[in-house]
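Q: If you're matching positions, the sequence shown starts at 206 in the working numbering and goes up one per residue.
Here a beta-carbon is modelled for each residue, glycine too, at the ideal position from N, C-alpha and C.
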Amino acid sequence: MIDDPSLFDRSCSGRFLERPGLQRGQTSMFKPMEEVRLLFIKRSGGLRFSRYHPSWLNVLLDWGEQAFRERIPINQLLFQYRMYSIPALRNYTNFLKDLVQWTFVNELLTLQPGGDLGPNRVVERPHVIYNSQTLTYVMWMHIDSSDYQEAKAGVATSPTVCGNYAYQGSSRPLGFESRDMGLFKDTDGSGYLLSEDRSNGLRIDKLSSDYLSVESTVYILADYESPAMYKSNGTYFMFGSSLTGKILLSTLLLWITADIKTIGWNANDNVYTTATSLLGPWAEWKTFAAPGSNTYSSQTTAVVSINGVVMYMGDRWVSNNLMSSTYIWLPLTISGTTATMDNRNNWIINPSAGTWSSPPTETVIEAESCSNILIGGATVVSCSGCSNGKAVGWIGGSGNGTLTFPAISSWTSTTTTIRIQQQNGDGVQRYGNVTVNGVSNIIAFVPTPNGNTPGTSVLTVPLKKDSANVIKFEAYNGGYVADIDRLIVPIS
């Protein structure tokens, strides 16, 4: 746990938070969680958003390309750092403690006229840890040129987790290349930078006592990237992804030599290794997801504990259409020195209780069902990758088309997450106004691989206990909505 001098839950402004069930003025006595994390992904072009997730857009309007990076356990709340479309690095806080519904708090770093945070720069994979001695939140991030040849690490600091971070500069730690990175805070308070050094391997470097610089090399592992470390009962787990990017071959004139570099990233079976000391010896690397699954088409972002629930956070990077990149969060089972993870379309976490469970029963409603109502230009269209080979298209636009699901059932009155199977063959996202029982939600639909391969967006909304819940898709600002394949609705 972080040594929080106040010992009280505080909001980002430093004021006490009032918890449900407490009388006004009372406070609870939870300390902050041990580590605050944040992570962006690969993207050139300065502080532009670099990945996109269609989830939660009904809450955030624009979840943004992959620049989010992690939820941050602080005072029993979870915070999310992410890059945003302004462009800037923003912070969201989950006051509902459900890891689904988020509220904007602050811009943490913003695009500058020049320098490391200027235009056409790479700023990615930030992580934040709290220094209990200096009472400072310290952010490390990958800083690079657009061709990824600088390979530096940058540092920023703030007295509050949601505050404005002061950028301190960048360097090659100990003179070595640094690209994909992670941070780890040990139980004794020591901080470590986990850094992919293409010339040598995956580095574990010890930070100075104030976490602002790298002090020494602890260990160099095999060539893996996207590192994340987790400690369980005295055992250190290091997770990483293989270097499976495309090959860039640069032949130098007058010499018969070649400089071979990897760029980008392709999905692969991520692996982990364990040790009882950061100095090693480290065990043989092993997979933790189903072999051949390419870690369910993801790359390690972080491994965190949410009040005892160990969660794998992975990203799905789409280099040729960054806004289509998404995240995958799954429960990770740690037993002794073994880590395992199964794939799940969805699951339920109770952060305050430190438990998770399987999802409720779901029902599937096809958009082209005869029970639905199509008005204006909305019509059934062919979609080879959609269920039944059909979808409803031409929603919104000049024909002012609308699609209404008039009889969505729920066995109980609850707030739930509905999955929307949709396809958007454009190169940019589309938007839609989705009303649920008369309440409007603005949803962004990111581009799908092609016009016939559906993607998934989500809508988290209250449903009534009956079969008369009404969901209507219509234009937002006169534009076209994505073609809708079907809804997958939890009913229990």
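For the putative contact between L399 and T478, defined by C-beta atoms under 8 Å, what is the C-beta separation to the nearest angstrom?
A: Counting from one through the sequence shown, the residue named residue 399 turns up at place 194. Counting from one through the sequence shown, the residue named residue 478 turns up at place 273. Actually they are not in contact, since the Cβ atoms of L399 and T478 sit about 12 Å apart, beyond 8 Å.
Q: Roughly how many angstroms lie between the CA atoms of Q628 and N646, to the nearest whole one?
A: The residue labelled residue 628 in the question sits at position 423 within the sequence shown. The residue labelled residue 646 in the question sits at position 441 within the sequence shown. Near 19 Å, if we compare the C-alpha coordinates of N646 and Q628.
Q: Provide the residue(s) that pair with V670 in DSSP beta bridges, ordered along the chain.
A: Looking up residue 670 in the sequence shown gives position 465. According to the sequence shown, residue 670 is Lys rather than Val. In DSSP, K670 forms no bridge with anything.
Q: Would you check if the distance between the CB atom of G445 and the CB atom of V476 is smaller than 9 Å?
A: Taking the sequence shown and counting its residues from 1, the one referred to as residue 445 is at position 240. Taking the sequence shown and counting its residues from 1, the one referred to as residue 476 is at position 271. Yes, the pair counts as a contact, with Cβ atoms nearer than the cut-off.
Q: At which residues does the alpha helix (DSSP H) containing S510 begin and terminate?
A: One-based indexing of the sequence shown puts residue 510 at position 305. Counting along the chain, S510 falls outside any alpha helix (DSSP H), though it belongs to the beta strand (DSSP E) covering Q504 to I511.
Q: Do R384 and D349 count as a contact pair if the criterion is CB distance below 9 Å?
A: Here residue 349 is taken as the residue at index 144 of the sequence shown, counted from 1. Here residue 384 is taken as the residue at index 179 of the sequence shown, counted from 1. Cβ atoms of D349 and R384: closer than 9 Å.
Q: From what residue to what residue does the beta strand (DSSP E) around R624 run?
A: Along the sequence shown, one-based indexing puts residue 624 at 419. Here the beta strand (DSSP E) through R624 covers T619 to Q628.
Q: Cβ of N551 within 8 Å of any heavy atom in the ligand FMN?
A: The ligand FMN is not part of the structure shown, which contains no ligands of any sort.
Q: Quick one: grab the DSSP three-state call for T545.
A: By one-based count along the sequence shown, residue 545 stands at place 340. T545: strand per DSSP, three-state reduction.
Q: From which residue to which residue does the beta strand (DSSP E) around I648 run?
A: Your numbering for residue 648 matches position 443 in the sequence shown. It spans V644 to F650 - the beta strand (DSSP E) in which I648 sits, taken as one unbroken run.
Q: Decide if the region 571 to 586 is in contact with the region 524 to 534; the criterion is three or more beta carbon pairs, one per stretch, under 8 Å apart.
A: The region 571 to 586, when compared against the region 524 to 534, does not touch it at the 8 Å Cβ threshold.
Q: For D547 versus A472, is the C-beta distance shorter than 9 Å?
A: Your numbering for residue 547 matches position 342 in the sequence shown. Your numbering for residue 472 matches position 267 in the sequence shown. Cβ distance not < 9 Å, so D547 and A472 don't count as in contact.
Q: Nearest to S414 by alpha carbon, out of Y517, V343 and L608?
A: As a working mapping, residue 414 is identified with position 209 in the sequence shown. If we check each option's Cα against that of S414, V343 comes out closest.
Q: Could you spell out where the beta strand (DSSP E) holding P556 opens and where it closes?
A: Locating residue 556 in the sequence shown gives position 351, counting from the first residue. No beta strand (DSSP E) holds P556; DSSP gives it neither H nor E.
Q: Identify the continuous beta strand (DSSP E) that holds A612 and give its terminal residues.
A: Taking the sequence shown and counting its residues from 1, the one referred to as residue 612 is at position 407. T607 to I613 is the span of the beta strand (DSSP E), which, as asked, contains A612.
Q: Determine, using beta carbons only, whether T362 and L417 come nearer to each other than 9 Å.
A: On the sequence shown, residue 362 is found 157 positions in, with the first residue counted as 1. On the sequence shown, residue 417 is found 212 positions in, with the first residue counted as 1. A contact, by the Cβ cut-off of 9 Å.
Q: In whole angstroms, what is the alpha-carbon distance linking T568 and I625?
A: For the purposes of this step, residue 568 is taken as residue 363 along the sequence shown, with counting starting at 1. For the purposes of this step, residue 625 is taken as residue 420 along the sequence shown, with counting starting at 1. Cα to Cα, T568 sits roughly 12 Å from I625.
Q: Identify every residue that forms a DSSP beta bridge with V585.
A: Taking the sequence shown and counting its residues from 1, the one referred to as residue 585 is at position 380. Paired residue(s): V597.
Q: Under a Cβ-count criterion, where at least 16 other Cβ atoms within 10 Å of its own Cβ denotes burial, should L608 be classed as buried or exposed?
A: By one-based count along the sequence shown, residue 608 stands at place 403. Under this definition L608 is a buried residue.
Q: In chain order, which continuous runs of the beta strand (DSSP E) of length 3 or greater are located wholly inside the region 351 to 399?
A: Complete beta strand (DSSP E) runs here, min 3: 357 to 363, 371 to 376 and 386 to 390.
Q: Less than 9 Å between the beta carbons of M346 and M386, yes or no?
A: Within the sequence shown, residue 346 is the residue found at index 141, counting from 1. Within the sequence shown, residue 386 is the residue found at index 181, counting from 1. Yes, the Cβ-Cβ distance between M346 and M386 is below 9 Å.
Q: Report the option in D631, S697, T658 and S662 whose CA atom is closest to the CA atom of V639.
A: Position 434 of the sequence shown, counted from the start, is the residue given in the question as residue 639. Of the candidates D631, S697, T658 and S662, the one whose C-alpha sits nearest the C-alpha of V639 is S662.
Q: Does DSSP put N499 in a helix, in a strand, or in coil?
A: Counted from its first residue, the sequence shown places residue 499 at position 294. N499 falls in the helix class under three-state DSSP.
Q: On the DSSP bridge list, what partners appear for Y416?
A: Reading the sequence shown from its first residue, position 211 is the one you call residue 416. Y416 pairs with nothing; no bridge assigned.
Q: Run through DSSP, which three-state label would S574 get?
A: As a position in the sequence shown, residue 574 is number 369, starting the count at 1. Three-state DSSP puts S574 in coil, outside helix and strand.
Q: With distances taken Cα to Cα, identify the nearest neighbour of L412 among S395, G406, G684 and G368.
A: Locating residue 412 in the sequence shown gives position 207, counting from the first residue. It is S395 whose Cα lies nearest to the Cα of L412.
Q: With burial defined as no fewer than 16 other Cβ atoms inside 10 Å of the residue's Cβ, what is the status of I539: buried or exposed?
A: Translated into positions along the sequence shown, residue 539 becomes position 334. Under this definition I539 is a buried residue.
Q: Between G552 and the rest of its own chain, which residues show a CB-CB distance below 8 Å, the 5 nearest in sequence each way excluded?
A: As a working mapping, residue 552 is identified with position 347 in the sequence shown. First, the residue type needs correcting, since residue 552 is Trp and not Gly in the sequence shown. Answer for W552: L535, P536, W561, S562, S563 and P564, listed in chain order.
Q: I need the straight-line Cα distance from G559 to V508, nearest angstrom please.
A: One-based indexing of the sequence shown puts residue 559 at position 354. One-based indexing of the sequence shown puts residue 508 at position 303. Each residue's Cα considered, the two are about 15 Å apart.
Q: My guess is that V694 and T620 are in contact by the Cβ rule of under 8 Å, so how many angstroms apart are they, rounded?
A: Here residue 694 is taken as the residue at index 489 of the sequence shown, counted from 1. Here residue 620 is taken as the residue at index 415 of the sequence shown, counted from 1. Contact flag wrong, Cβ pair sits at about 13 Å.
Q: Determine, using beta carbons only, whether D688 and C591 come nearer to each other than 9 Å.
A: Within the sequence shown, residue 688 is the residue found at index 483, counting from 1. Within the sequence shown, residue 591 is the residue found at index 386, counting from 1. Taking 9 Å as the Cβ cut-off, D688 and C591 qualify as a contacting pair.
Q: Let me make sure I understand the geometry here. Which of R635, G598, V633 and V641 has the alpha-carbon closest to that of A612?
A: Position 407 of the sequence shown, counting from 1, holds the residue named residue 612. Of R635, G598, V633 and V641, the residue nearest in Cα terms is V641.
Q: Using only CA atoms, which one of F678, I578 and S503 lies nearest to I648?
A: Working through the sequence shown from its first residue, we reach residue 648 at position 443. Of F678, I578 and S503, the residue nearest in Cα terms is F678.
Q: Could you tell me the alpha carbon to alpha carbon distance between G368 and D393, rounded to whole angstroms?
A: Stepping through the sequence shown from its first residue, residue 368 is reached at position 163. Stepping through the sequence shown from its first residue, residue 393 is reached at position 188. Using only the alpha carbons, I get a separation of about 26 Å.
Q: Use the C-beta contact count for L407: other C-beta atoms within 10 angstroms, 16 or more gives buried, fewer gives exposed.
A: In the sequence shown, residue 407 corresponds to position 202, counting from 1. Burial call: buried.
Q: What residues are listed by DSSP as bridge partners for V569?
A: Sequence index remark: in the sequence shown, residue 569 carries index 364 (1-based). Paired residue(s): I693.
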